[in-house]
Amino acid sequence: MRLLLLLSLLFSALPAVAQHRPYFVTYNDEMEEVGNLEINSYSVLGSPRSGNTFAGYQAELEYGATGWWSSALYLDGQSTANESTVFTGYRWENRFRLLPTQHLVNPVLYFEFAHINGANKSLREIVGHDVEKDQAEANQLRRPEVEKEVELKLILSSHAKGWNVSENFIAEKPLHNDPWEFGYAFGVSRPLSFVPSGSGCSFCKENIQLGVETYGGLGDSSQFGLRDTSHYLAPVISWRFAQNANARLSPGFGLNDQSHRMLLRFSFTYEIEQFGPKLARLFRSR
Amino acid sequence: MTLKIYSTSLVLAAALVFAHLLPAQAERKPLYTFAPSRYAARMNPYQGDSQAAKVGERIYRSQCEKCHEVNPSGLRKGADLHRKEIVQAPPGALFWVIEKGDFRRGMPSFARIPEKYRWQVVAFLQDRKP
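In order, the protein sequences belong to chains B and X.
For the first sequence, the tail end lands on 286 under this note's numbering, and the numbers increase by one without skipping.
For the second sequence, the tail end lands on 1130 under this note's numbering, and the numbers increase by one without skipping.
Below, the structure is given as structure tokens:
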């Protein structure tokens, strides 16, 4: 019975109208709306020159805890052609907005704890000396390497004349003795229109955002710099095809020999409005 | 180190639960009354422009209505914008609220929308009969 009530709660969601960030790697200052739950399915396809084609997956549940705090749980997995499909771990992400009102530059702090194994191919960020050949190694060799790591990001985001400009500085630390690894992401985007057409169409300009992002590694604390790092340039498109559902697509093109030639990312997002308060009411009424 | 991470995770998880147990904020002075005078003194370039107010209404319906109008459960999440004081408020002060927001009061910023359209929303709000 409770399961039925929960399901009805999921599908009785009110329409959500907020635009979501179109980027895959870069974060901006937009937080999940308080009480809303976002369900996101993310995939990345890659084909290393010296290895098998792979698909990395992530299932994400993101919740808006307060106006300044969003929290997300990720479950990661991957399939590699001619090898296997494996679960590769989980992550817990938290983002904290630092200033209560809008400013020229809006800082957000990001903290993530990840418990993943060496076969992880979700590539949600590129740090340190992450290069194409990492994804060419066989699953059975990489899977036994269990990694626990923390990741910190400083997210800076600005809005001007309808454009969003975001910069991320990334630092990642494996909890064993490996050094800090660094990376960056930079994105620019804009919706095609800000005025609703009023006809409720899916293909209207206001439902589409276009942008471009670039991201890559900056070495580690023992060898900081661009040597043995990979970098990408990726156009992004985001389409809100229903009032509470969104699809994103981004082909990312490698900028040097250490990078994949192309990484194709896509995701589908469904947002449940006021999930937390509805759930609380459900259990309060029991 | 791992223990510290798990402890931090536990604290964050507990905070996530308690964030919802905090009492609702009491009624306070309207947000627009805090607008700096340099903002409040600004005039709306679309004041009295009925075409601009119509565009403003479309933006209001898509971005603002869900919080500022009574929802099907009979509740209103944000402030009631039909009040007489909203029509009479300095347009620049309303513009300031839309641009800056304040998450402490549950108001998101709409700085992502270009200035022209924010003014048109203000024109719509002040064009309405209270």
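By construction, the Cβ of each residue, glycine as well, lies at the ideal position given by its N, Cα and C atoms.
On a predicted model such as this, the values are computed, not experimentally measured, just so you know.
Does DSSP put residue i in a helix, in a strand, or in coil?
{"i": "Asp130 of chain B", "result": "coil"}
{"i": "Ser166 of chain B", "result": "strand"}
{"i": "Ser1062 of chain X", "result": "helix"}
{"i": "Trp69 of chain B", "result": "strand"}
{"i": "Asn117 of chain B", "result": "strand"}
{"i": "Ala242 of chain B", "result": "strand"}
{"i": "Asp1049 of chain X", "result": "coil"}
{"i": "Ile1113 of chain X", "result": "coil"}
{"i": "Ser189 of chain B", "result": "strand"}
{"i": "Gly183 of chain B", "result": "strand"}
{"i": "Ser1037 of chain X", "result": "helix"}
{"i": "Tyr63 of chain B", "result": "strand"}
{"i": "Gly56 of chain B", "result": "strand"}
{"i": "Phe268 of chain B", "result": "strand"}
{"i": "Gly276 of chain B", "result": "helix"}
{"i": "Leu99 of chain B", "result": "coil"}
{"i": "Glu1069 of chain X", "result": "coil"}
{"i": "Asp1102 of chain X", "result": "strand"}
{"i": "Gln1025 of chain X", "result": "Caution is warranted here: a pLDDT of 46 is assigned to Gln1025 of chain X, below 50, making its placement in the model unreliable, and the coordinate value is therefore given only provisionally. Correct three-state label for Gln1025 of chain X: coil."}
{"i": "Gly1056 of chain X", "result": "helix"}
{"i": "Phe1124 of chain X", "result": "helix"}
{"i": "Leu1075 of chain X", "result": "coil"}
Rounding to the nearest angstrom, what Cα-Cα distance links residue i and residue j in this structure?
{"i": "Leu1075 of chain X", "j": "Pro191 of chain B", "result": "31 Å"}
{"i": "Leu1031 of chain X", "j": "Ala1041 of chain X", "result": "16 Å"}
{"i": "Ser1073 of chain X", "j": "Lys278 of chain B", "result": "11 Å"}
{"i": "Ile1059 of chain X", "j": "Val1121 of chain X", "result": "7 Å"}
{"i": "Arg1128 of chain X", "j": "Arg1083 of chain X", "result": "10 Å"}
{"i": "Tyr42 of chain B", "j": "Phe266 of chain B", "result": "6 Å"}
{"i": "Pro1023 of chain X", "j": "Leu255 of chain B", "result": "Annotation note: pLDDT 45 at Pro1023 of chain X (below 50); position unreliable, no value reported."}
{"i": "Ala1123 of chain X", "j": "Ala59 of chain B", "result": "43 Å"}
{"i": "Glu273 of chain B", "j": "Ile39 of chain B", "result": "11 Å"}
{"i": "Ala1026 of chain X", "j": "Val1070 of chain X", "result": "Low per-residue confidence applies at Ala1026 of chain X: pLDDT is 42, beneath 50, and the placement is therefore not dependable, though the value from the model is reported in the following sentence. Roughly 19 Å separates the two Cα atoms."}
{"i": "Glu147 of chain B", "j": "Leu1081 of chain X", "result": "52 Å"}
{"i": "Tyr215 of chain B", "j": "Phe283 of chain B", "result": "44 Å"}
{"i": "Tyr90 of chain B", "j": "Val165 of chain B", "result": "29 Å"}
{"i": "Ser193 of chain B", "j": "Phe87 of chain B", "result": "40 Å"}
{"i": "Asn94 of chain B", "j": "Ser1050 of chain X", "result": "44 Å"}
{"i": "Phe275 of chain B", "j": "Leu61 of chain B", "result": "12 Å"}
{"i": "Tyr1117 of chain X", "j": "Gly1056 of chain X", "result": "7 Å"}
{"i": "Leu104 of chain B", "j": "Ala138 of chain B", "result": "47 Å"}
{"i": "Asn1044 of chain X", "j": "Leu37 of chain B", "result": "37 Å"}
{"i": "Val195 of chain B", "j": "Ala1052 of chain X", "result": "11 Å"}
{"i": "Val245 of chain B", "j": "Asp29 of chain B", "result": "A small correction: the amino acid at residue 245 of chain B is Ala; Val does not occupy that position in the sequence shown. So the alpha carbons of these two residues sit roughly 20 Å apart."}
{"i": "Arg1028 of chain X", "j": "Phe1034 of chain X", "result": "11 Å"}
{"i": "Leu1094 of chain X", "j": "Gln243 of chain B", "result": "27 Å"}
{"i": "Glu271 of chain B", "j": "Gly64 of chain B", "result": "11 Å"}
{"i": "Val34 of chain B", "j": "Cys1067 of chain X", "result": "12 Å"}
{"i": "Cys1064 of chain X", "j": "Ala160 of chain B", "result": "20 Å"}
{"i": "Arg1112 of chain X", "j": "Leu226 of chain B", "result": "33 Å"}
{"i": "Gly51 of chain B", "j": "Arg124 of chain B", "result": "20 Å"}
{"i": "Pro100 of chain B", "j": "Arg142 of chain B", "result": "43 Å"}
{"i": "Trp180 of chain B", "j": "Trp1096 of chain X", "result": "42 Å"}
Using the beta-carbon of each residue, which ones in chain B are nearer than 9 Å to residue i?
{"i": "Pro1030 of chain X", "result": "Those do not exist, as Pro1030 of chain X stays about 15 Å from chain B at its closest Cβ, beyond 9 Å."}
{"i": "Gly1106 of chain X", "result": "Val34, Gly67"}
Can you list the residues of chain B that residue i reaches, using a CB-CB cut of under 8 Å?
{"i": "Ile1059 of chain X", "result": "Phe194, Val195, Pro196"}
{"i": "Val1055 of chain X", "result": "Val195"}
{"i": "Tyr1117 of chain X", "result": "Phe194, Val195"}
{"i": "Leu1084 of chain X", "result": "Looking at the sequence provided, one finds Lys at residue 1084 of chain X rather than Leu. In chain order: nothing, as chain B lies at least about 26 Å away."}
{"i": "Ser1050 of chain X", "result": "Those do not exist, as Ser1050 of chain X stays about 16 Å from chain B at its closest Cβ, beyond 8 Å."}
Name the chain X residues that come within less than 7 Å of residue i, Cβ to Cβ?
{"i": "Arg97 of chain B", "result": "Phe1103"}
{"i": "Asn164 of chain B", "result": "Arg1112"}
DSSP puts residue i in a beta bridge; with which residues?
{"i": "Asp29 of chain B", "result": "DSSP, once it has assigned bridges, lists no residue as partnering Asp29 of chain B."}
{"i": "Trp92 of chain B", "result": "B:Leu73, B:Phe113"}
{"i": "Asn106 of chain B", "result": "B:Ser157"}
{"i": "Tyr232 of chain B", "result": "B:Tyr215, B:Gly254"}
{"i": "Ala1093 of chain X", "result": "Partner(s): none; Ala1093 of chain X has no beta bridge."}
{"i": "Gln209 of chain B", "result": "B:Pro191, B:Ser238"}
{"i": "Phe24 of chain B", "result": "Phe24 of chain B is not bridged to any residue."}
{"i": "Gln135 of chain B", "result": "According to DSSP, which records beta bridges pairwise, Gln135 of chain B is partnered with nothing at all."}
How would you list, in chain order, the residues of chain X whose beta-carbon sits under 8 Å from the beta-carbon of residue i?
{"i": "Asn297 of chain B", "result": "Missing from the structure shown is residue 297 of chain B; chain B here goes from 1 to 286 and no further."}
{"i": "Gln102 of chain B", "result": "Glu1099, Lys1100, Gly1101, Ser1109, Ala1111"}
Please list, in chain order, the chain X residues whose beta carbon lies closer than 9 Å to that of residue i.
{"i": "Pro22 of chain B", "result": "Simply none; closest approach about 12 Å."}
Below 7 Å on C-beta distance, what does residue i contact in chain D?
{"i": "His159 of chain B", "result": "Absence of chain D from the displayed structure is noted, the protein chains being B and X."}
Cβ pair count under 8 Å reaching 3, the stretch 103-114 of chain B against the stretch 193-201 of chain B
Not touching, per the Cβ criterion.
Do the stretch 1098-1118 of chain X and the stretch 65-77 of chain B make contact, defined as three or more Cβ pairs closer than 8 Å?
Taking a cut-off of 8 Å on C-beta distances, the stretch 1098-1118 of chain X touches the stretch 65-77 of chain B, as three or more cross pairs fall below it.
Does the count of Cβ pairs from the stretch 151-160 of chain B and the stretch 132-141 of chain B closer than 8 Å reach three?
Touching, no.
So, does the stretch 202-210 of chain B touch the stretch 169-183 of chain B, judging by three or more C-beta pairs under 8 Å?
Contact check between the stretch 202-210 of chain B and the stretch 169-183 of chain B: fewer than three CB pairs, one atom from each, fall below 8 Å, which does not count as touching.
Below 8 Å, how does it come out for the stretch 206-225 of chain B and the stretch 234-241 of chain B: are there three or more Cβ pairs, yes or no?
These segments touch.
Give a yes or no on contact between the stretch 20-31 of chain B and the stretch 114-121 of chain B, applying the rule of three or more CB pairs nearer than 8 Å.
Fewer than three beta-carbon pairs drawn from the stretch 20-31 of chain B and the stretch 114-121 of chain B are found closer than 8 Å, and the two stretches are therefore not classed as touching.
Using a Cβ distance threshold of 8 Å, determine whether the stretch 163-172 of chain B contacts the stretch 72-88 of chain B, with at least three qualifying pairs required.
Result no; under three Cβ-Cβ pairs closer than 8 Å.
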